[in-house]
Amino acid sequence: MREMKGIIKGSYVLGQTIIDGLYLQLLFILYALKGAVLFGVFPALAAVFQVIYLFFIRGKEYVKIREEYGQFYRKYFKMSNYLGYTMLAVGGFLTFDLQVNKTYIQSAIVHYGLILLFILFLGTCLFVFPVLCRYELTYKQYLRQAVTLFFTNLTEAIAMLVGTFVIMAIYVGIPILLIIAGVPLIIVPVMWFALQGMKKTEARADTL
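Under the numbering used here, the sequence shown has 203 at position 104, and the numbering climbs by one with no breaks.
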């Protein structure tokens, strides 16, 4: 009897998690379209981070998904676009430079230097929206804090990458998940490990 109750409870939790993922995916699409995609995609993405962040710190039963999502989308519309397009521009610039070096310059020193910068860029990307969810900072401070968190929490950064690759592998095996809950699923490990890194950094700061 106890085992049956456990199965029923587990099935309920799984079902509710799938529904939440589907709902967040739908909100992401609708709010991205609301911002004409070009200006809506990063605020919509940041709002998914925020809801999942609240799931972790409050518990899902205490989070009004639609209300929290809409509030964060509106409040950080400009900032999330500033940060998102900054990351996009830097990533595009580094990719272009790597291609130019490979085709024309062909310098090993330049190549490895660009690779190091690209790793720094990826680490910053992993932390930038989690930082936006947890702190009230300026544009430059958000970027600086994301870089700092990457350098001081390399274990968590690696775990974030591994978690992302695992989710992507699952998408390959079960493509329908990409459609019904692709965005929130891939954000979950990133937000979870970023939160652990931020808590560790805050704890270290408190001991100083």
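Even glycine gets a Cβ: it sits at the ideal position worked out from N, Cα and C.
If you draw a straight line from the alpha carbon of residue i to that of residue j, how long is it in whole angstroms?
| i | j | result |
| --- | --- | --- |
| Leu213 | Thr251 | 21 Å |
| Tyr168 | Gln205 | 47 Å |
| Ile275 | Tyr130 | 21 Å |
| Arg165 | Leu126 | 8 Å |
| Val140 | Val150 | 16 Å |
| Val136 | Leu284 | 21 Å |
| Met259 | Leu225 | 8 Å |
| Val287 | Tyr172 | 18 Å |
| Lys174 | Thr202 | 44 Å |
| Ala188 | Gln198 | 15 Å |
| Tyr184 | Gly158 | 31 Å |
| Met103 | Gln115 | For Met103, the predicted model reports a pLDDT of 49, less than 50, meaning its position is unreliable; a value from the coordinates is still stated below. Computed Cα separation, rounded: 18 Å. |
| Met186 | Ile117 | 30 Å |
| Phe292 | Phe155 | 11 Å |
| Lys163 | Gly222 | 30 Å |
| Val209 | Asp119 | 46 Å |
| Leu153 | Tyr161 | 9 Å |
From which residue to which residue does the alpha helix (DSSP H) around residue i run?
| i | result |
| --- | --- |
| Ile81 | The structure shown does not extend to residue 81, since the chain is modelled only from 100 through 307, so no value can be given for it. |
| Lys174 | Ile164 to Lys174 |
| Ile269 | Leu253 to Gly272 |
| Leu236 | Taken as a continuous stretch (DSSP letters only), Leu236 belongs to no alpha helix (DSSP H), as it is neither H nor E. |
| Ala135 | From DSSP, Ala135 is part of no alpha helix (DSSP H); its letter is neither H nor E. |
Among the candidates the options, whose CA atom is the shortest distance from the CA of residue i?
| i | options | result |
| --- | --- | --- |
| Leu236 | Leu221, Leu182 and Leu197 | Leu182 |
| Leu121 | Ile279, Cys232 and Leu221 | Ile279 |
| Asn180 | Gly134, Met267 and Ile128 | Gly134 |
| Gly296 | Thr254, Met178, Tyr211 and Asp196 | Thr254 |
| Ile218 | Asp305, Ile257 and Lys299 | Ile257 |
| Ile128 | Leu231, Phe195 and Leu144 | Leu144 |
| Leu123 | Phe195, Gly281 and Val261 | Gly281 |
| Val289 | Phe138, Val147 and Asp119 | Val147 |
| Gly191 | Leu216, Phe176 and Arg243 | Leu216 |
So, does the CB of residue i fall closer than 9 Å to a CB anywhere in chain B?
| i | result |
| --- | --- |
| Val147 | No chain B is part of this structure, which consists of one protein chain only. |
Could you tell me how far apart the beta carbons of residue i and residue j are, in whole angstroms, since I believe they sit closer than 8 Å?
| i | j | result |
| --- | --- | --- |
| Phe220 | Leu193 | 6 Å |
| Tyr241 | Leu231 | 6 Å |
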